[in-house]
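Protein sequence lines, in the order shown, are assigned to chains V and E. Every position in the first sequence, counted from 1, becomes a number in this note's numbering once 83 is added. Every position in the second sequence, counted from 1, becomes a number in this note's numbering once 28 is added.
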Amino acid sequence: MNNLYNDPIGHWVVVVLAMVVVLFVLLTGTAYAVWMERVALGHIQRRPGPNRVGPWGLMQSAADGIKLAFKESFIPAETDRIIYVIAPTIAVAAAFLAWSVIPIGLWYNVQYWIADVNVGVLLIFAVSSLNVYAIVLGGYASNNKYSLLGGLRSAAQLISYEMAMGLSLVPTFMIVGSLRLRDIVDYTVHWGPYTGPIPLILLTPIGFVIYMISAVAETNRTPFDLPEAEQELIGGFLTEYSGLKFVMYYLAEYVNVITASALATLVFFGGWYLWFVPPVLAFFLKVVFFVFIYIWLRGTFPRLRYDMLMRLGWKVLLPLAIVNVIVTGVIIVLVQG
Amino acid sequence: MADEPKTPDHENPSVLDDIGALAKGLKTTLGEYFSPQVTTEYPEEKSPRSERYRGRHYLRRYDNGLERCIGCELCAAACPVGCILVIAAENSDENRVSPGERYAKTYEINMLRCIFCGYCEDACPVQAIVLGPEYELSDTSREKFIYTKEKLLEPLPPDVQARLDSKGK
Chain V
84 MNNLYNDPIG HWVVVVLAMV VVLFVLLTGT AYAVWMERVA LGHIQRRPGP
134 NRVGPWGLMQ SAADGIKLAF KESFIPAETD RIIYVIAPTI AVAAAFLAWS
184 VIPIGLWYNV QYWIADVNVG VLLIFAVSSL NVYAIVLGGY ASNNKYSLLG
234 GLRSAAQLIS YEMAMGLSLV PTFMIVGSLR LRDIVDYTVH WGPYTGPIPL
284 ILLTPIGFVI YMISAVAETN RTPFDLPEAE QELIGGFLTE YSGLKFVMYY
334 LAEYVNVITA SALATLVFFG GWYLWFVPPV LAFFLKVVFF VFIYIWLRGT
384 FPRLRYDMLM RLGWKVLLPL AIVNVIVTGV IIVLVQG
Chain E
29 MADEPKTPDH ENPSVLDDIG ALAKGLKTTL GEYFSPQVTT EYPEEKSPRS
79 ERYRGRHYLR RYDNGLERCI GCELCAAACP VGCILVIAAE NSDENRVSPG
129 ERYAKTYEIN MLRCIFCGYC EDACPVQAIV LGPEYELSDT SREKFIYTKE
179 KLLEPLPPDV QARLDSKGK
C-alpha cells in the first residue's frame, strides 16, 4: 500500500478513486440523513414518519430526488441570472470540498481519506465559510425581498458564530499542537496505566459545548434557522428556487450537517477509535450519533428571536470561547511547567 | 430601598435554571420518541366506524329476491341536493320486479353530489335504500360516480344486514 502512495501515478489513482468513493458515500449518506431526520422527527411527534417507499421508507429520498429532478427548474423574471444559477453550485461545491481533508479511518494500514493536509481544520473552516456566499448571493440574485432578508440574516449569523466556532477548537489545537486532523485523533495520553488515544472532550468540555451550539448556527439549522424562517420569510433565500437548484441547496445543508458532525467526532470524540469496533464503522456510528443530536435539537427547541441570536453569539459564546482559550493556556503552562 | 418592587424568583432565572429548562425540553422530546405512536396506518389499519355510519348506498331485496323499491320517488323528493333519479315503471304479472304496483326502472345516484345525509333512508316507506359503511369511493372518472341500479343492488355487507334485522326492518 505504501508503495502505491509513493508512486506518482499510483498516488493520483488512489486519490481519484477515494474522491469518487467519498462523493458517492456522501450523496447516499445525505439521502439517508434526510430519511433519518424525517423518521426521528416523526417519532418525536409520536408518528412513524415516511414508511411507504421501500422497506421502512428507505427509498423515500430516492423518490423525492426523482420528483425534484423532473420538476421545472424555474427562473423568475428580473433575476440576476448568472448569479442565480451559480449560487447553489457554490453551496454544493463548498459542502463537498470540506470532505477532501476529513480522515475517516485508518484500518490495516489503509488510509480512508482523500488528503492528509497539515492544516486540515483550517481548510474545513475556510471552505465551510464559503456557504455564506451561496446563501447571500442566492438571496440577492432572486430579486425577492424575502430572499434578500434571508440572505442578509444568514451573513450576519454566520459571521457572528464563525468566530465562536473557530475559538472553540483552539484549546484542542493548543493541547495537541497540530492542525492535522489525524494528529488530533491520534493524540495519545499517558494516564497511569492507560496509554493511548482519548476523546478530547475530556480535556475541553466547554469547547465542545460552544462548538456544538455554533455548529448548529453555522449550518442554519433549527433553532438557528433564521435565514429560512418559514413564518416570517416564506423560504428565506430558498423562496425562488425550485427543481434541481433547490436540491443543491438542500443537499448542501445536509452535507454541512454531516461535516459538522464529522468534525465534532474527529476533534472531540476520538475519531475512529471506539473500543473494539472497526475504525471506519466506529467513525460512522459516531457521526450518526451527532446527526441524531442535530435532529433531536430540531425536534425540541423553537427558533430564537433575531436579537437573542445575536446576543447569544456575541455576548455569551464568544467571551466564553476566549476565556476557554486563556484558561486552557494557563493550565497547559502549569502542567508542563 | 423599601419601595423597590420585588421580582419573583421565577422571573429572574439564573443561567443554571435556563440550562435546566433546555435539558428538560430535550428529556421531554426523547421521552416522546420512545412513547407508543398514536397514528393509525390507514390503508392497512382502519379506525372503527359507528354502526350507524353513512357511507355508500345499497338497494335491498326481499328474501324471495324481489326488489323492495316501489318507485315512489320519496327518496328523490327528500334528497336535499337532488342527486337521486328514479324513473318508475308498472309491474305486470309477466315482469314482476317488486311486490307493489310499480318498480324503479331506473335508479341512479350521483355520488359526486350526494352529501351522505341519509334522508333517503329515512324517507323510504319500504326500507329499500340504506347507507352502508364503505367510504373509500374514489374513482377515475366522473361517469363512474353515477351509481346505477345494478351497482346499488349489490348484496349488503353482512354487518349492515344484521343491524337492520335486529331492528326488524
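The C-beta atom is built at its ideal place from N, Cα and C for all residues, glycine as well.
Residues that E:N138 bridges to, as DSSP identifies them: E:I174
Whole-angstrom distance between V:V410 and V:P133, CA atom to CA atom: 47 Å
Chain E residues whose Cβ lies nearer than 7 Å to that of V:T383: G53, L54, T57
Validate contact between the region 211-224 of chain V and the region 372-382 of chain V using beta carbons, cut 8 Å, 3 pairs: no
V:L387 (DSSP reduced to helix, strand or coil): coil
Boundaries of the beta strand (DSSP E) in which E:V114 is found, first to last residue: 112-118
Under 9 Å (Cβ pairs) to chain E, residues found in the region 107-128 of chain V: A123, G125, H126, I127, Q128
V:D308 classed as buried or exposed, judged by whether at least 16 other C-beta atoms fall within 10 angstroms: buried
Span of the alpha helix (DSSP H) around V:P133: Element bounds for V:P133: n/a, residue is neither H nor E.
Distance between beta carbons of V:I258 and V:L283, contact taken as under 8 Å: 7 Å
For V:Q194: DSSP bridge partner residues: V:L189
Proximity of V:W355 and V:F366 at Cβ, strictly below 7 Å: yes
Length of the line joining the Cα atoms of E:E69 and V:H126: 14 Å
Inter-residue Cα distance where the pair is V:A174 and V:A181: 11 Å
Chain E residues whose Cβ lies nearer than 7 Å to that of V:R386: What V:R386 touches in chain E: nothing, since even the nearest Cβ is about 14 Å away.
Span separating the alpha-carbon of E:C107 from that of E:L94: 25 Å
Cβ pair E:N92, E:C111 closer than 7 Å: no
Inter-residue spacing [alpha-carbon to alpha-carbon] between V:L124 and E:P185: 40 Å
Residues near V:G140 in its chain [Cβ-Cβ closer than 6 Å; skip 5 each side]: P133, N134
Chain V contacts from the region 65-84 of chain E (Cβ-Cβ distance under 8 Å): Q65, V66, T67, E69
Neighbourhood of V:G203 by C-beta, 6 Å cutoff - its chain only, sequence neighbours within 5 removed: V184, R263, L264
Which of helix, strand or coil DSSP assigns to E:M29: Unreliable positioning characterises E:M29 in this predicted model, as indicated by a pLDDT of 49, which lies under 50. The coordinate reading is nonetheless provided below. E:M29 falls in the coil class under three-state DSSP.
Any chain E beta carbon closer than 7 Å to V:R135: no
Under 7 Å between C-beta atoms of V:G112 and V:I376: no
Secondary structure of V:Y324, DSSP reduced to three states: coil
Residues near E:G128 by beta carbon distance below 6 Å, same chain, minus five either side: I98
7 Å Cβ cutoff, V:P131 in contact with chain E: yes
Interface positions of the region 350-383 of chain V facing chain E (Cβ-Cβ less than 9 Å), listed along the chain: W379, L380, G382, T383
As assigned by DSSP and simplified to three states, the class of V:I242: helix
Contact list for E:E60 against chain A, beta-carbon separation under 9 Å: Included in the structure are the protein chains V and E, with no chain A among them.
Distance between V:Q194 and E:Q65 (C-alpha atoms, nearest Å): 43 Å
Cα-Cα separation, V:D269 to E:V43: 36 Å
E:K74 in three-state terms, based on DSSP: coil
is_contact[E:S42, chain V] using C-beta, thresh 7 Å: no
Inter-residue spacing [alpha-carbon to alpha-carbon] between V:Q128 and V:M119: 14 Å
Same chain only: Cβ atoms within 6 Å of V:I281, ignoring 5 sequence neighbours per side: V272
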